[in-house]
Every structure is written in structure tokens, then in C-alpha cells.
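Note sheet for the following structure.
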Amino acid sequence: MRFIDETVISVESGKGGDGAATFRRERFVPFGGPDGGDGGKGGDVVLVATNQLNTLLSLRGRSHFKAKSGQPGRSRNCTGAGAATLTIKVPTGTRVIDNETGEEIVDLVEHGQVWVAAKGGLGGLGNTHFKSSVNQAPRKFSQGKPGELKRLRLELILMADVGLVGFPNAGKSTLVASLSAARPKIADYPFTTLAPSLGVVDMGVEGQFVVADIPGLVRGASEGIGLGHQFLRHVRRNKMLLHLLSMDPTEEETPLERYKAIRDELSAFDAELTTRQEIIVLTKCDLLFSEEDAQKVHDVKKELCSEGEQRKPTVVEISSATRDGLQNLKEIIWTCLNELNQSKTEQIKEELKEKGVAFLLEKPPHEEGTSILEERGGPSETSS
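Here our numbering is used: the first residue of the sequence shown is 49, the next is one more, and so on.
As C-alpha cells, this is what we get:
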């Protein structure tokens with residue numbers, strides 16, 4: 049599937065229905081008086097986050113989404129029918145930004161989270177509301193309020209448990225393919241991966257975790273070089289990082305030099321990223337054969353551990369080609385994630401306890417169907 053992580057759309061809520069100017073007409077009631085009902089409310093446009101989508105591709109090419117208008121009021125003081133809500137489903141992790149001002153409006157990070165993008169206009173008043181002691185038969189009514197029109201930029205930031213970072217050709221896509229059922233493009237040249245992708249790693253009865261294959265970073269990524277900003281923003285949503293370093297003997301720079309370079313780019317983009325839980329993965333170890341190579345790996349691990357004295361990084365050797373070390377890596381990742389989740393749960397409990405709120409662990413709401421657009425209370429409709 050083609051990856052689309054940014055798109056611009058216009059949303060327009062429905063106009064409120066006009067009020068009615070009618071009069072009671074009954075036999076033997078010559079002066080029945082006004083009985084015009086109010087107009088119905090225009091339809092809202094809402095965005096709903098769902099785990100069933102992982103791209104904004106379905107919204108590309110649909111520039112305008114408009115909800116229906118409310119029905120006009122009717123006689124006998126009948127209020128016009130309100131229009132259905134137009135629902136636009138977006139992937140979990142979608143940021144909504146005002147396209148005119150660039151201001152972030154909302155961040156849809158939870159499955160089932162709902163945000164009203166445009167509120168429908170209120171219905172107009174029927175002539176019943178304008179009856180007075182000096183005007184017993186008013187023909188006056190009010191029109192429905194217009195709907196809201198907004199132009200929004202949607203940015204998808206992948207949400208994953210583990211983010212893979214490293215220079216191009218470090219073996220990130222190969223590792224994702226080896227750990228999960230994902231099949232990213234793999235080739236023996238840099239910049240094979242041009243868009244982020246997700247893979248689900250199955251841990252059997254224990255559960256599963258999600259890894260994000262972030263395209264290779266280069267020097268200057270924090271300044272936007274090589275689409276650096278677009279790729280680095282995905283790293284922000286990862287609970288922990290896997291920093292991949294190729295042990296290919298043909299690499300010009302040492303693993304330590306490449307490690308420092310990526311760490312510098314992460315720090316320049318967002319200093320908080322360098323405080324994330326990190327596992328350093330030495331890839332392509334199947335290319336090392338001699339005792340000299342084994343000593344090289346030992347020296348590299350020693351250098352990396354001394355480089356991160358305060359963080360005490362875990363260093364793991366693997367070969368995705370021969371699958372050596374993969375099971376060990378999965379178990380280490382799983383242990384780290386469980387520790388992070390436990391720590392987060394305890395933190396939330398303490399925060400709620402301080403506020404005097406009982407701690408409840410709720411499952412995310414289940415959402416049926418896979419449609420991108422739907423109207424609650426009426427048939428689906430979009431217009432452009």
C-alpha cells in the first residue's frame with residue numbers, strides 16, 4: 049500500500065433548516081394562529097481515530113467533505129429533521145493543523161477518539177416564536193444558521209512500540225521483515241526505504257508489539273535534509289528505539305562515529321529523544337568471520353557502552369540473513385517494553401491517586417466496519 053502521511057482537506061458542516069411561516073388550518077377554527085415549526089440542525093463533520101487504518105491514502109483526492117443541511121420546519125409546530133453527522137475516519141496518530149495559521153488543533157492518539165471538525169448550523173425559528181399581543185398572525189420566521197467551513201492539514205505520525213533508527217542501508221527493513229510479516233522493499237543500496245512502515249511482531253500467547261521502520265537518516269536530518277523532519281517526527285511516538293549499526297567491513301565510518309552522528313541528529317531535533325530507552329543492534333554480523341573480526345565486535349561494544357555511561361545501553365549482535373540473535377533480540381525488546389508499560393502504569397496510578405481519582409484500566413472501544421466515511425443517522429455522502 050502506498051504510504052500517505054500528509055494531506056489537506058476542506059470540511060463544511062450543514063446549514064440549519066429555515067423556520068416555517070405557516071398557520072393552523074382547521075375546520076371551525078378561522079383564526080388558528082401561527083404554527084410554523086423550527087428548522088432542523090445542520091449536520092456536523094467529525095473526525096474519528098481508528099486502528100483499522102494506517103495511512104491517509106483514502107483521503108487523498110477527496111478535497112471537500114460536506115455534511116447535509118437540516119430540513120426546514122413544518123406546520124403544526126413540527127421541527128425539521130436534523131441532518132446526519134458526517135464521520136471521517138483517520139488513522140490513530142493523526143495531527144490536525146489549521147492550514148491557514150499552521151496552529152495544531154488536536155492530536156488524535158487514542159482509538160475511538162472523536163473530534164468535531166465543523167459544527168452544523170442551528171435551525172431557524174418558526175413564526176410561532178414571533179407571535180405577540182400586537183401581532184397575532186406573524187409571517188416572520190428566521191433562516192437557519194450557515195455551517196462552518198474549515199481547511200485542515202492532516203499529518204499522520206506513526207505510533208509504534210519500537211522505532212528503528214540508523215543510517216541508510218543499516219538493515220532496518222531486513223530486520224522488520226525478519227521479525228514480522230511485513231514485507232518492506234529490500235535491496236543492497238542506500239535509501240531503499242522511502243516511507244515509514246509498520247510491522248507486528250508476534251510473541252505467541254504473551255502478546256505482540258509493533259515496530260516502525262523509519263527511512264534512513266542522514267547528517268543534517270534535524271535541519272530537514274533528506275526529508276529529515278518528516279521522518280524524525282515519527283520517532284517521537286515510539287516508546288523505545290532500536291539503533292541499528294551495520295558491521296559491514298566496507299563501511300567507511302566506524303560504528304561509533306555513525307552512532308554519534310545519529311544521536312546528534314536526534315538531539316538537535318528533540319533532546320527528549322535521546323532519553324528514550326534504547327537498544328543498540330549490531331547488524332550484518334554474518335559478514336564477520338575471523339578472530340580479528342570477533343575482537344572488532346568486542347571493541348565496538350565496549351566503546352558504545354562507555355559512550356553511554358549514564359544510559360547504559362544494551363548492545364545486541366544479530367544477523368537477519370542467518371537469523372542469528374533474532375530470538376534473543378525479540379525477548380530483550382519484550383522485556384524492556386513490559387518494564388516501560390509497568391512504569392507508565394504506576395506513574396498514572398500515582399497521578400490519579402494524588403488527584404483522588406480511582407484507577408480504572410479500560411480497553412479501547414471496539415469499532416466495527418472499515419469505511420472511511422459514514423454518516424450517523426443517515427446514508428453516507430460526500431461531495432467535492
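We put the CB at the ideal spot given by N, CA and C, even for glycine.
Computed from a predicted model, the values in this text were never measured in an experiment.
Identified DSSP bridge partners for W382: For W382, which the question treats as bridged, DSSP gives no partner whatsoever.
Classify I310 as helix, strand or coil using the three-state DSSP reduction. Of the three classes helix, strand and coil, the one that applies to I310 here is helix, per DSSP.
Among residues of its own chain, excluding the 5 on either side of V248, which ones have a beta-carbon nearer than 6 Å to its beta-carbon? If we look at V248 and ignore the five residues flanking it on each side, its Cβ neighbours are S228, Q256 and V258.
Going by other Cβ atoms of all chains shown within 10 Å of its Cβ, with 16 needed for buried, is R75 buried or exposed? Exposed, by the Cβ-count rule.
Own chain partners of K63 with C-beta closer than 6 Å, once the 5 adjacent residues on each side are dropped: Setting aside the 5 residues that flank it on each side, K63 is surrounded in the same chain by G90, S117, G169, G192, P194 and G195, each with a C-beta closer than 6 Å to its C-beta; the list follows chain order.
Contact set for L223: own chain, Cβ-Cβ below 6 Å, skip 5 residues either direction: Contacts found: S368.
Could you have a look at L173 and say whether DSSP puts it in helix, strand or coil? L173 falls in the coil class under three-state DSSP.
For R201, which residues from the same chain have a beta carbon less than 6 Å from its beta carbon, with the 5 sequence-adjacent residues on both sides left out? Excluding sequence neighbours, R201 sits near V56, I145 and N147.
In the DSSP assignment, the alpha helix (DSSP H) including S226 goes from what residue to what residue? Judged by DSSP secondary structure, S226 falls within the alpha helix (DSSP H) whose first and last residues are K220 to L227.
Does the distance from the C-beta atom of T302 to that of D334 stay below 9 Å? Remark: C-beta atoms of T302 and D334 do not approach each other more closely than 9 Å.
Where does T240 sit, in a helix, a strand or coil, going by DSSP? Note that T240 scores a pLDDT of 42, beneath 50, so its modelled location is shaky and nothing firm can be said.
Taking the beta strand (DSSP E) that P139 belongs to, which residues open and close that run? Residues T133 to P139.
Between K137 and V59, is the Cβ-Cβ spacing less than 9 Å? Using a Cβ distance threshold of 9 Å, K137 and V59 do not count as a contacting pair.
Based on the DSSP secondary-structure assignment, which residues constitute the bridge partners of K114? For K114, which the question treats as bridged, DSSP gives the partners E60.
Inspect the beta-carbon positions of G85 and G130 and report whether they are closer than 9 Å. No; because the gap between Cβ atoms is not below 9 Å, this pair is not in contact.
In whole angstroms, give me the CA-to-CA distance for K179 and P186. If you take the alpha carbons of K179 and P186, they lie about 6 Å apart.
Output the distance between the C-alpha atoms of N386 and G109, rounded to the nearest integer angstrom. One C-alpha to the other measures close to 41 Å.
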